[in-house]
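Asks:
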Amino acid sequence: MTQQLPAPQSQRIVLPPHRQRARRPRSVRTREWIHRNLFPSTAGTALTIVSVTFIAALTVGIVWFVFFDANWRVITDNRWLLFAGSFPHDQEWRLWAAMGFVFALIGLSYGMWSSLGRKDHLFIVLTGIAVILFMGHGGAAFWSSLWFLLSIALLFLGYVIARTIGHDRARQRSLLTRVILLRFAFDDAFSLRGGFDKTVPIQTRARAVRVALFPTRTGANRIVGGLLILALPLVLVILLAGGGASMRELDGFVLNLLLAPVGIVGGLVIAIPLAIGRASKLHAIKWTCTAYIEIVRGAPLLGWLFVALFILDDIIGGDLIIRTMVVLAVFTAAYMAEYIRGALQTLPHGQYEAAQAVGLSRGQSLRLIIMPQALRISIPPIVGQAIAIWKDTTLVTVILPLRELKGNADSAIAQSEFIPDRIEAYIFVAVAFWIVAFIMSRISQRMERAQGIGER
Amino acid sequence: MSQQPAPQLPDPARTPLFYQRGFRSVLTQGIYVALTAIVLAYVIASLDLREFGFGFLSEPAGFKVGNQWLVDVDGVTNSRITMYLVGVWSTLRAVLVAILLATLVGVVVGVARLSSNWLVARMAMLFVEVFRNTPLLVQIVIWYAILLVGAPVIQNVLNVGDFLFLSNRGIAIPWPVPSDGLWGAPDWFVGIWVLALIAVGAVAMRVRAKRQEHERETGRILFANRWAMGVFAAGALISFLILGVPVSIDRPVIEGTSYAEGMLVQPEFAALVLGLTMYTGAFIAEIVRGSIQALPKGQTEAANAIGLTGYQRLTLVILPQALRQMIPSVTNQFLNVNKNSSLAYAVLFDDLFRVATIVQNKAGHALEMFFVIIITYMVISFAISAVMNVLNARVTAHRI
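Take a look at the structure:
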């Protein structure tokens, strides 16, 4: 009864007028949708009833917990502890400066490579409001809210700038072209005869100036990409340099936000040569790269953090945070290298041969033909690994004397008045991680769709 | 078209040595090996290897290990390696249970994500999004907190029909134990019964294969699976009775403020297994969904066309084919379960990793302990991959 004939997809059948039916009213369509999706048969109805009961019970339970049972003061009283932990209070501006810089950069890259949908915008705006409410609650909240709003403003500024410069589709523009454009815009103004030519509209001049001075899309891509690579060192400089916090004073959510990008970017940087090495024909290189990948993937991350704590000290020394960053990058690299190698293998062999046929050297063909395609194919698993490493930054709390968000939640519930509130504290931590991971996975899905990955 | 002369390849003998492929390869690898050797030498030189050795593992442990099951060691007379092996046993238990449960959760949720029932599909999606995007560590500590703080104290224990008890001491479940049975059967009759079960299982498989073969030849429906199950059930029951009921189910009871009888699932173990199950289950669900969606739509349509019910369509047409694509990714998830089980540390479950860190705390020798840890994990991973490879070979034996 519920079996429907498959609708013809390729061509629309236009019925003769006497057989055409009016589009049924919305209420009928809604009723049909409900019938089809919720009550198709006896078993389907039973399933729906069970699900509704379950959802109702779950919702009541969650609402009861969130609004009546839970004591959220464990979070609100420990805001600073959870966010930045032992970061010195008098250096607070550094955190906000770093945040503003990062937000501006996010706005820029978002404007350049916008890849989110309307629903995701709504989600991000709601998250922003939640964060403002969280930060702006009691205490010295006024200033932190103000700083946060300023960062949001910087985000929009970055977005607007990227939109302004980013729509210039030209690949590149020579210096000579730019000079000629500038001359067109201002030549008459500086000429001895006649002076400023009022017949040339001001918009034309402005356009010429803009085209002459602004980077092309390719150039803008390069600038934003470079800024992204430089972002982490710059943030560290903002936080630490010239009497800022010491390395050990980085903790709380700030530490998660610092460790994850190091793992991701550092991992990718190591992973690319590793993947090429593993696919190499030279046995010595192939086998060492394989051994690296397999050994690193053989032990859990906790094992490698154990190495950072007890063994790496003798080899590279440095602060524990630096060693942890090294371990995170080395660990992530092995997984990412496997994904890139997988992508290298799926590339048709004709790509290599074609590169050789047009006379590219091996390095050139890797750089210009092979790697761009391989990296494009491996975007989804690489983002998956990035999300994994984002979640795994919590692991530094487990055996290292570092305190990231989960570690500081542990400290919060160690206070005598909050001992019964551990569920609340951990749920807050889970939600904080979930928001970032969810945004990352959404971006990944959009990228996949935009690039047509996985479609045939 | 006139015959063109074949292009002249350069004479290999006259190519300068530097540009010869063989020489290039030797040179590159030589430089590479030299650099690697220098790095390795630096690493080895900077490590303090004067006391390197594994002798410390056989010294008396001097610490206790919790969460024991079927073993009883107090750590006074036992060596460190014994305690470590107890930890390995705990890890194996947790990993095995978590793998089984995660597969179950994953398949159910993965199929539910593609359900035509809108509510069920949405609920499955919510499950996946929640459990996949939060850190496993935090999930485990939340489960632990729920089991410790959220569960009732033992005085007002949650009693599910005198069958299952839940309190902050853990979950008590019924468990089979050897019993005297009808005429005082000795305990080792259990072993005989297990052997009998294996034999009956083999017979049942044989019956199934025979009937399936017959089905293929004659086209008559011979209910191979039902017959096999019937044979197995009958054989199991008969041998059970002949051996004089050697096993009884031991139901848990509350004695004062503690559990007695039955089997106690400790909160640490339950939290770890729950965390691993839900987290991995969410990932497996995505794999299941992906492999089902990757099947050509014609498969579903064909199953509908020959009049299979929804359940038949799923179990006879869709899942067997999706399984071929699933197994490699699911194997990866199982290996992750193995590695992620080290997060037991966060709830103080004495798995191999935690015992190893305790040993390292007592005796030093971080490098040796690290070797022991990584080799143990690799061995377990290898065992999992070996089993899954056998399964994969069986599933892909028939070419489609």
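Line order of the protein sequences matches chains A and B.
The opening residue of the first sequence carries number 142 in the numbering used here; numbering runs sequentially from there.
The opening residue of the second sequence carries number 362 in the numbering used here; numbering runs sequentially from there.
Every residue, glycine too, gets a C-beta built ideally from N, C-alpha and C.
Return the first residue and the last residue of the alpha helix (DSSP H) that B:M687 is part of.
Replies: Within the second sequence, residue 687 of chain B is the residue found at index 326, counting from 1. Segment 680 to 701, the alpha helix (DSSP H) holding B:M687.
Asks: Check this for me: beta carbons of B:G542 and B:P607, under 8 angstroms apart or not?
Replies: In the second sequence, residue 542 of chain B corresponds to position 181, counting from 1. In the second sequence, residue 607 of chain B corresponds to position 246, counting from 1. Closer than 8 angstroms, so yes.
Asks: Could you work out which residues of chain B lie near A:L563, taking near to mean beta carbons separated by less than 7 angstroms?
Replies: Position 422 of the first sequence, counted from the first residue, corresponds to residue 563 of chain A. According to the sequence shown, residue 563 of chain A is Arg rather than Leu. The contacting residues are A506, V510.
Asks: With B:F593 as the anchor, note down where its alpha helix (DSSP H) starts and where it stops.
Replies: Within the second sequence, numbered from 1, the residue matching residue 593 of chain B stands at position 232. Counting along the chain, the alpha helix (DSSP H) containing B:F593 begins and ends at 585 to 603.
Asks: Count the other C-beta atoms from every protein chain shown that fall within 10 angstroms of the C-beta of A:D533, then say buried if there are 16 or more, exposed otherwise.
Replies: The residue labelled residue 533 of chain A in the question sits at position 392 within the first sequence. Buried: at least 16 other Cβ atoms inside 10 Å.
Asks: At what residues does the beta strand (DSSP E) containing B:N520 begin and finish?
Replies: By one-based count along the second sequence, residue 520 of chain B stands at place 159. Looking at the DSSP string, the run of the beta strand (DSSP E) that includes B:N520 is 519 to 521.
Asks: Any idea what DSSP makes of B:F714, helix, strand or coil?
Replies: The sequence position of residue 714 of chain B within the second sequence is 353, counting from 1. B:F714: helix per DSSP, three-state reduction.
Asks: Among A:I456, A:W205, A:L450, which has the Cα closest to the Cα of A:I462?
Replies: Start at 1 with the first residue of the first sequence, and residue 462 of chain A comes out as number 321. If we check each option's Cα against that of A:I462, A:L450 comes out closest.
Asks: Tell me whether B:A621 sits in a helix, a strand or coil according to DSSP, three-state version.
Replies: Stepping through the second sequence from its first residue, residue 621 of chain B is reached at position 260. Three-state DSSP puts B:A621 in a strand.
Asks: Could you tell me if A:V395 is buried or exposed, where buried requires 16 or more neighbouring beta carbons within 10 angstroms of its beta carbon?
Replies: For the purposes of this step, residue 395 of chain A is taken as the residue at position 254 of the first sequence. A:V395 should be labelled buried.
Asks: Go through its chain and collect everything with a Cβ distance to A:V524's Cβ below 8 angstroms, but skip five positions before and after it.
Replies: For this step, residue 524 of chain A is matched to residue 383 along the first sequence. The residues are M581, S582, I584, S585, M588.
Asks: By a C-beta neighbour count over all protein chains shown, 10 Å radius and 16 as the cutoff for buried, is B:K425 buried or exposed?
Replies: Numbered from its first residue, the second sequence carries residue 425 of chain B at position 64. Its Cβ having fewer than 16 others within 10 Å, B:K425 is exposed.
Asks: Can you pull the chain D neighbours of B:K700, defined as C-beta to C-beta under 8 angstroms?
Replies: Reference to chain D is not applicable here, since the protein chains of this structure are A and B.
Asks: Take A:P542 as the anchor and find which of A:F447, A:S421, A:A372, A:L295 has the nearest alpha-carbon.
Replies: On the first sequence, residue 542 of chain A is found 401 positions in, with the first residue counted as 1. Looking at the Cα atoms, A:F447 is the closest of the given residues.
Asks: Spell out whether any CB of chain B is found under 8 angstroms from the CB atom of A:P181.
Replies: Against the first sequence, residue 181 of chain A aligns to sequence position 40. Chain B, which has a Cβ nearer than 8 angstroms to the Cβ of A:P181, makes this yes.
Asks: Consider the Cβ of B:T763: report whether some Cβ of chain A lies at a distance smaller than 8 angstroms.
Replies: Summary: the structure shown does not reach residue 763 of chain B, with chain B confined to residues 362 through 761, and so no result is reported for it.
Asks: Just to confirm the assignment, what range does the alpha helix (DSSP H) spanning B:E616 have?
Replies: Locating residue 616 of chain B in the second sequence gives position 255, where the first residue counts as 1. From DSSP, B:E616 is part of no alpha helix (DSSP H) but of the beta strand (DSSP E) over 614 to 616.
Asks: Ignoring anything shorter than 4 residues, give me the alpha helix (DSSP H) runs that lie fully in the region 189 to 276 of chain A, in order along the chain.
Replies: Those alpha helix (DSSP H) runs which fall completely within the region 189 to 276 of chain A and span 4+ residues are 214 to 217, 220 to 225, 233 to 253, 259 to 276.
Asks: I'd like to know if the region 577 to 589 of chain B and the region 510 to 528 of chain B are in contact, where contact means that at least 3 CB-CB pairs between them fall below 8 angstroms.
Replies: These segments do not touch.
Asks: How many Å lie between B:R755 and B:I745 at the Cα?
Replies: Position 394 of the second sequence, counted from the start, is the residue given in the question as residue 755 of chain B. Position 384 of the second sequence, counted from the start, is the residue given in the question as residue 745 of chain B. Distance between the alpha carbons of B:R755 and B:I745 is about 16 angstroms.
Asks: Cutting at 8 angstroms between CB atoms, please list the residues of its own chain near A:M240, excluding the five before and the five after it.
Replies: Translated into positions along the first sequence, residue 240 of chain A becomes position 99. Correct list, in chain order: W288, F289, S292.
Asks: Just reading off the alpha helix (DSSP H) that A:G491 is part of, what are its end residues?
Replies: Here the question's residue 491 of chain A lines up with position 350 in the first sequence. Taken as a continuous stretch (DSSP letters only), the alpha helix (DSSP H) holding A:G491 covers 490 to 498.
Asks: Would you verify that the beta carbon of B:Q694 is, or is not, closer than 8 angstroms to some beta carbon of chain A?
Replies: Counting from one through the second sequence, the residue named residue 694 of chain B turns up at place 333. No, its Cβ sits nowhere closer than 8 angstroms to a Cβ of chain A.
Asks: Determine the direct distance from the alpha carbon of A:P356 to that of A:G595, and round the result to whole angstroms.
Replies: Position 454 of the first sequence, counting from 1, holds the residue named residue 595 of chain A. Position 215 of the first sequence, counting from 1, holds the residue named residue 356 of chain A. Legend: pLDDT at A:G595 = 47, less than 50; position of this residue unreliable, value from coordinates given subsequently. Each residue's Cα considered, the two are about 33 angstroms apart.
Asks: If distances are taken between C-alpha atoms only, which option among B:P613, B:E622, B:T670, B:V691 comes closest to B:G651?
Replies: For the purposes of this step, residue 651 of chain B is taken as the residue at position 290 of the second sequence. Nearest of B:P613, B:E622, B:T670, B:V691 to B:G651, Cα basis: B:V691.
Asks: For B:W536, report the span of its beta strand (DSSP E) as first-last.
Replies: Position 175 of the second sequence, counting from 1, holds the residue named residue 536 of chain B. Here the beta strand (DSSP E) through B:W536 covers 536 to 539.
Asks: Can a CB atom of chain A be found closer than 8 angstroms to the CB of B:Q390?
Replies: Taking the second sequence and counting its residues from 1, the one referred to as residue 390 of chain B is at position 29. Cβ-Cβ to chain A under 8 angstroms: yes for B:Q390.
Asks: If B:V698 and B:A463 are in contact, beta carbons under 8 angstroms, what's the gap, nearest whole angstrom?
Replies: Numbered from 1 along the second sequence, position 337 holds the residue referred to as residue 698 of chain B. Numbered from 1 along the second sequence, position 102 holds the residue referred to as residue 463 of chain B. Indeed they touch by this definition, with Cβ atoms about 7 angstroms apart.
Asks: Relative to chain B, which residues along the region 559 to 584 of chain A have a C-beta separation below 7 angstroms, given in chain order?
Replies: Residues passing the 7 angstroms Cβ filter: P561, R563, I564, Y567, I568, V570, A571, F574, W575, A578, F579, S582.
Asks: What residue range is occupied by the uninterrupted alpha helix (DSSP H) comprising A:D533?
Replies: Your numbering for residue 533 of chain A matches position 392 in the first sequence. A:D533 -> alpha helix (DSSP H) spans 520 to 533.
Asks: Starting from B:D409, find everything on chain A with Cβ-Cβ shorter than 9 angstroms and list it in chain order.
Replies: By 1-based counting over the second sequence, the position of residue 409 of chain B is 48. Here the neighbours are D455.
Asks: Taking the alpha carbon of A:V468 as the reference point, which residue from A:E494, A:L156, A:A440 has its own alpha carbon closest?
Replies: Sequence index remark: in the first sequence, residue 468 of chain A carries index 327 (1-based). Comparing Cα positions, the closest option is A:A440.
Asks: DSSP on A:D392, reduced to helix/strand/coil?
Replies: Within the first sequence, numbered from 1, the residue matching residue 392 of chain A stands at position 251. If DSSP states are grouped into helix, strand and coil, A:D392 belongs with coil.
Asks: Assign B:T618 to buried or exposed, taking buried as 16 or more other Cβ atoms, counted over all protein chains shown, within 10 Å of its Cβ.
Replies: Stepping through the second sequence from its first residue, residue 618 of chain B is reached at position 257. Burial call: exposed.
Asks: Compare the beta carbon distance of A:P229 and A:A412 with 8 angstroms and say whether it is the shorter of the two.
Replies: For the purposes of this step, residue 229 of chain A is taken as residue 88 along the first sequence, with counting starting at 1. For the purposes of this step, residue 412 of chain A is taken as residue 271 along the first sequence, with counting starting at 1. No, Cβ-Cβ distance for A:P229 and A:A412 is not below 8 angstroms.
Asks: Consult DSSP for B:P421 and reduce its assignment to one of helix, strand or coil.
Replies: What you label residue 421 of chain B is simply residue 60 of the second sequence in a count that begins at 1. In the structure shown, B:P421 sits in a strand (DSSP, three-state: E or B).
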